[in-house]
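Single-structure report; data block below.
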Amino acid sequence: MLSCLSILWHAPATAAFPLLTPAAAAEPPAEPAPAASALTPAALADLLDNPQARQALIDQLRAQAASDKPAAAGAAPAKTATAKQTPATPAEPTFQERMANGVQQFLTGVAADMGQGVDDMRALASGQNLRMDSGTARSALLPLALAAAATIIAFILLRMIAMRIYTRIDRWVAEHGCETGSAPVRGKPASMKVLTRRAGAIVGALAIDVAVVLLAAMAGGAAALWSTPGRGTLDGLASLFLQAFVAVEIVKVLIRTVFAVRHPHLRLLPMSDELAKYWNAWLVRIVAAAGYGTLVVGPVMAAALSPALGRLTTMLIMLAVYIYAVRVIWHNRQAVRERLDRRAAGAATFMGSRLRLLSRIWHVLGILYFTILLVVSQVDPTDALPFMARATAQTLLVIGVGSLLILLLNAVLAKPIRLSDDLRRRLPLLEARVNAYVPAALKVVGWIIRIIIVLLILDAWQAFDLSRWLASDAGAAAIKVVLNIVIVLMIAMLAWTVIASIIEHRLSQSEERGMPSARERTLLALFRNAALIVIVTMTLMVLLSQIGIDVGPLIAGAGVVGLAIGFGAQKLVQDIITGVFIQLENGMNENDVVQVAGVFGTVEKMTIRSVGIRTLDGGYHLVPFSSVDVVANHMRDFSYHLGEYTIAHRESVDDAIEHLRAAFAELMTDSVLGPEILEDMTVAGVTAVNDKGVTIRILIKTTPGMQWAVQRGYNRLLKKHFDAAGIELPYPHTVVYFGQDKRGYAPAANVHVQAERADEGNSARAAGHTRRRLKPEASNEDSAEVLGNELEARAEAEAEAEVQAETQANAAAARTEPGRS
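Taking full-length UniProt numbering, I'd label the letters of the sequence shown as residues 1 to 821.
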């Protein structure tokens with residue numbers, strides 16, 4: 001708020017400063033300065049305090065120095081002419097130099113003012129007049145007093161009239177814009193019509209308040225003109241007071257607009273009445289003390305008493321304002337933090353994060369602001385308030401515009417990019433990739449905006465000269481590097497997007513070419529990984545070269561290191577070379593069932609160095625290609641179920657082969673496994689006759705990968721057919737030797753003779769063998785039977801049989817019940 005004072009005060013301040021010393025201003029500035037012997041300390045102080053007289057003295061001294069040059073200077077005319085032709089332009093001091101000079105001048109001035117102030121106070125105590133006697137003071141201060149009195153009276157009367165208007169406006173807003181009696185309901189969105197009415201009412205009240213201030217200032221100016229001798233010329237001190245009044249009161253108008261203590265419906269920020277009264281009173285005190293103290297009290301004392309006392313008074317006023325402001329800020333730091341946290345909890349994500357950050361540092365920013373105001377007002381009192389005004393306005397403007405841009409970026413980030421259905425079908429990962437690139441790019445833009453905001457804020461407070469840095473070689477080089485980096489990143493992202501999209505298009509299914517083959521999928525995946533590595537490497541090298549790092553030694557060093565690694569890591573080279581040839585020869589692809597280096601399982605992932613295989617027990621095996629000697633791929637073109645079945649020696653081989661073919665014929669009727677069989681079953685014949693039995697080999701040709709399913713289905717059906725035919729699968733045979741003594745006699749064996757059993761002809765069952773009747777599979781349930789659901793079907797059949805038996809028992813009991821009665 002204090003910075004707003006300088007905006008209204010800076011323009012007339014330069015014209016008002018000569019009025020602060022009327023005695024010195026009365027002297028014509030063109031007159032030569034009096035001789036040093038005729039100057040008293042007081043006269044010299046008055047002369048130096050007047051800018052016109054001071055400048056005239058400086059010009060006179062420079063002219064005298066130029067005319068008094070020694071004649072010896074003519075001995076070197078060429079050198080003098082050259083020096084005049086190319087004058088050396090002094091370098092502009094930096095911010096640190098200016099601050100150091102300002103602090104040094106401030107300390108020197110404070111010491112001088114304190115010494116001079118002590119002398120002036122002694123002179124006043126002894127009854128002496130410093131700058132004005134009683135008559136001069138009375139005539140000089142009378143217009144000021146009349147202007148102040150008229151202004152204050154007119155302001156009070158106009159404010160009383162305006163308060164009635166404010167009350168009616170507040171009541172009108174309450175009737176047409178809000179349901180509650182205090183303030184708009186938090187969290188409840190208002191309609192655009194209500195917001196428009198409320199905004200119009202606030203602007204109208206602000207215009208009325210500003211008009212009251214201007215009318216009061218006009219009344220004070222008229223009173224000052226009436227009391228000034230000569231009628232028509234406004235007194236300097238009266239003009240100074242009116243300017244200060246307008247500046248201070250307009251700032252207070254802005255404060256009243258924000259808090260609106262007596263009219264809550266015209267309040268700009270939603271808050272309670274007690275909170276609005278507290279902060280309104282605090283800010284009004286700060287603005288009134290700082291504004292009237294520096295713009296009225298200090299200059300009046302400088303004009304009436306002495307410039308030293310005026311400067312000391314201004315310093316004491318600003319010091320008191322600083323202490324009071326810091327005390328209030330520190331006392332309310334926790335309360336304000338809690339209020340901001342509560343408001344952040346109910347706000348959107350963007351505003352909530354900013355409010356939470358502000359709640360933790362607001363007191364630091366406030367103390368820092370008043371510290372800068374105190375320092376600048378003492379180091380450079382002439383430009384202190386204009387500097388604070390410009391810096392504050394630029395800071396608020398930059399933060400507002402930057403926050404709006406970041407908010408718009410966040411709004412764009414919240415909406416994902418949607419591609420057309422046809423493009424998503426042809427390039428399934430393009431939408432996800434674009435939604436990953438665009439938010440990342442917008443986040444980078446957001447950070448660039450934040451950096452620019454920080455630089456502009458530092459430039460506003462003269463901690464960093466942004467315009468000079470941009471015009472310098474370093475600034476131009478930095479901007480060039482940033483633009484080059486952005487262009488390189490965009491080219492890299494575009495190249496990766498194009499390559500990845502083409503690969504995805506080849507990998508996706510289309511009506512013209514169908515699904516890609518497994519070899520094509522594997523090679524394209526490897527090419528995508530290789531392209532990613534190349535793009536990342538090249539982009540990194542170019543970025544390093546753009547930021548000033550020489551990549552030549554880096555590439556040479558990488559070559560040397562790569563050579564050393566090549567000698568020391570022969571296995572790695574062997575892995576890569578073997579992997580390349582395996583891919584070129586189409587040895588295996590993803591989702592193939594292979595046996596590699598003693599590991600049998602499904603290929604899940606392939607790189608240029610290794611292959612990942614998932615075994616049946618769920619284990620993931622990573623096999624380097626250098627360990628691969630033989631690749632057994634079970635998924636090429638076709639597969640075979642190789643079955644070897646052993647029957648007992650007593651069984652007929654021809655009968656067994658007949659039942660083998662019957663089981664195969666039944667398997668061909670299966671709706672799931674039948675289409676996967678490519679040819680008729682091949683019976684290779686008897687492959688072994690040994691102590692275990694007779695082994696018969698069969699071959700069933702299937703589609704790739706279906707040999708195991710066919711094996712499971714055929715084994716199950718074969719067991720059912722063998723059980724029905726009574727064909728014995730041999731048990732292990734053991735020869736028992738009872739031993740004998742030296743005479744050749746063996747101990748008696750305890751042998752039990754088997755009881756007689758029914759004659760079963762040539763199909764007697766084996767010991768422990770259960771004969772079952774062959775039941776043909778139902779055509780609609782054959783898949784479940786073949787794929788291993790026999791136990792479930794058996795349980796269902798047994799349950800059904802139990803239900804039928806129970807039903808029959810109940811029916812029989814019902815039939816016998818009348819006979820019993």
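Just so you know, even glycine gets a beta-carbon here, dropped at the ideal spot from N, CA and C. Values in this document were obtained by computation on a predicted structure and should not be read as measured data.
Residue i classed as buried or exposed, judged by whether at least 16 other C-beta atoms fall within 10 angstroms
{"i": "Q707", "result": "buried"}
{"i": "V603", "result": "buried"}
{"i": "Y166", "result": "buried"}
{"i": "H265", "result": "buried"}
{"i": "T371", "result": "exposed"}
{"i": "G618", "result": "exposed"}
{"i": "G400", "result": "exposed"}
{"i": "W496", "result": "buried"}
{"i": "T21", "result": "The predicted position of T21 is uncertain, since its pLDDT is 35 and thus under 50; no value can be drawn from it."}
{"i": "E666", "result": "buried"}
{"i": "L107", "result": "exposed"}
{"i": "P307", "result": "buried"}
{"i": "W279", "result": "buried"}
{"i": "I58", "result": "exposed"}
From the options, residue whose alpha carbon lies closest to that of residue i
{"i": "R171", "options": "L146, L195, A201, T151", "result": "A201"}
{"i": "E249", "options": "G761, V210, Y278, H263", "result": "V210"}
{"i": "H634", "options": "V672, L673, N589", "result": "N589"}
{"i": "V486", "options": "E520, I547, L470, I499", "result": "I547"}
{"i": "V321", "options": "T294, S610, N332", "result": "T294"}
{"i": "Y369", "options": "V336, L305, A304, W461", "result": "W461"}
{"i": "N591", "options": "P747, G705, E676, N529", "result": "G705"}
{"i": "V501", "options": "A471, E431, T257, A709", "result": "Looking at the sequence itself, residue 501 is Ser, so the reference to Val does not match. Selected option, being the one with the closest Cα: E431."}
{"i": "V258", "options": "A531, A244, D273", "result": "D273"}
{"i": "L254", "options": "R197, A219, L206, A288", "result": "L206"}
{"i": "H543", "options": "I491, I161, I657, V213", "result": "This sequence places Leu at residue 543; His is not what is there. Residue I491 is the option with its Cα nearest to L543."}
{"i": "L364", "options": "S353, S377, R390, R337", "result": "According to the sequence as given, residue 364 is Val; it is not Leu. The shortest Cα separation from V364 among S353, S377, R390, R337 belongs to R337."}
{"i": "V398", "options": "R354, A147, V454, G346", "result": "V454"}
{"i": "Y737", "options": "G643, P747, Y731", "result": "P747"}
{"i": "R267", "options": "G612, L470, R198", "result": "R198"}
Cβ-Cβ separation, residue j to residue i (assumed contact under 8 Å), whole Å
{"i": "L729", "j": "T646", "result": "7 Å"}
{"i": "I576", "j": "D655", "result": "With 8 Å as the limit, I576 and D655 do not qualify as a contact, their Cβ atoms being about 58 Å apart."}
{"i": "A149", "j": "A219", "result": "At roughly 10 Å, the Cβ-Cβ gap does not stay under 8 Å, so A149 and A219 are not in contact."}
{"i": "L407", "j": "G446", "result": "At roughly 10 Å, the Cβ-Cβ gap does not stay under 8 Å, so L407 and G446 are not in contact."}
{"i": "L309", "j": "L374", "result": "Between L374 and L309 the Cβ distance is about 20 Å, and since that is not below 8 Å, they are no contact."}
{"i": "T703", "j": "E676", "result": "5 Å"}
{"i": "K571", "j": "S626", "result": "5 Å"}
Rounded separation between residue i and residue j - CA only
{"i": "G579", "j": "T607", "result": "8 Å"}
{"i": "L489", "j": "A436", "result": "14 Å"}
{"i": "L141", "j": "V118", "result": "24 Å"}
{"i": "P70", "j": "A290", "result": "In this prediction, P70 scores a pLDDT of 47, lower than 50, which makes its location untrustworthy; no coordinate-derived value is stated."}
{"i": "M493", "j": "A709", "result": "47 Å"}
{"i": "R716", "j": "E585", "result": "38 Å"}
{"i": "L523", "j": "A530", "result": "10 Å"}
{"i": "T537", "j": "H641", "result": "49 Å"}
{"i": "D465", "j": "W282", "result": "34 Å"}
{"i": "A476", "j": "D341", "result": "42 Å"}
{"i": "F245", "j": "A304", "result": "20 Å"}
{"i": "L678", "j": "K692", "result": "33 Å"}
{"i": "G402", "j": "A393", "result": "14 Å"}
{"i": "E802", "j": "R773", "result": "20 Å"}
{"i": "E806", "j": "G674", "result": "40 Å"}
{"i": "A174", "j": "V261", "result": "15 Å"}
{"i": "V594", "j": "G601", "result": "6 Å"}
{"i": "D759", "j": "E651", "result": "18 Å"}
{"i": "I317", "j": "L240", "result": "18 Å"}
{"i": "L423", "j": "V534", "result": "27 Å"}
{"i": "R636", "j": "G587", "result": "9 Å"}
{"i": "L419", "j": "A441", "result": "18 Å"}
Residue i Cβ short of 7 Å to the ligand FMN heavy atom set
{"i": "R197", "result": "Only the bare structure without any ligand can be found here, which leaves the ligand FMN out of the picture."}
> Curious, which full-length alpha helix (DSSP H) runs of at least 4 residues does the stretch 645-728 contain?
Replying inline: 653-668, 707-725
>> Restricting to runs no shorter than 4 residues, where is the alpha helix (DSSP H) found entirely within the stretch 406-450?
In response: 421-426
>> List, from N- to C-terminal side, the beta strand (DSSP E) runs of 3 residues or more that fit wholly inside the stretch 195-266.
In response: none
> At which residue ranges does the stretch 265-335 contain complete alpha helix (DSSP H) runs of 4 or more residues, listed in the order of the chain?
Replying inline: 273-292, 298-304, 307-331
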